[in-house]
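Engineer:
In the working numbering, the protein residues as written are 962 to 1042.
#1: Span of the alpha helix (DSSP H) holding residue 1030?
#2: What whole-angstrom Cβ distance do residue 970 and residue 1027 have, given they're in contact under 8 Å?
#3: List the residues that DSSP assigns as beta-bridge partners of residue 1016.
#4: So, are the CB atoms of residue 997 and residue 967 less than 9 Å apart?
#5: What residues are listed by DSSP as bridge partners for residue 1038?
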């Protein structure tokens, strides 16, 4: 799920550029997405002790009712796909 990691990273960087370095509110991932994200973090960037509750300082939440989004500073949803 390295693609999800890259999409999340790109989302934060694009958000910074568009909003004067403001952080997004949070990411919301499905349980399956989060498990794959956690595995890719722990097996790659970050190592086995990675804190998968945050990504680049942005909280990561888990919900069944999401396609996988980043919540921007203004509350709008940005798709991660």
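Positions of the beta carbon are idealized from the N, C-alpha and C atoms, including for glycine. Note that the structure is predicted; figures quoted are calculated from it, not measured.
Structural biologist: If we stick to the structure as given:
#1: Locating residue 1030 in the chain shown gives position 69, where the first residue counts as 1. Per DSSP, residue 1030 belongs to no alpha helix (DSSP H); it is in the beta strand (DSSP E), 1030-1032.
#2: The sequence position of residue 970 within the chain shown is 9, counting from 1. The sequence position of residue 1027 within the chain shown is 66, counting from 1. The beta carbons of residue 970 and residue 1027 sit about 19 Å from each other, so the pair does not count as a contact at 8 Å.
#3: Working through the chain shown from its first residue, we reach residue 1016 at position 55. According to DSSP, which records beta bridges pairwise, residue 1016 is partnered with 1019.
#4: Taking the chain shown and counting its residues from 1, one reaches residue 997 at position 36. Taking the chain shown and counting its residues from 1, one reaches residue 967 at position 6. Judged by their CB atoms, residue 997 and residue 967 are not nearer to each other than the 9 Å cut-off.
#5: As a working mapping, residue 1038 is identified with position 77 in the chain shown. Note: residue 1038 is bridge-paired with 1032 in the DSSP secondary-structure output.
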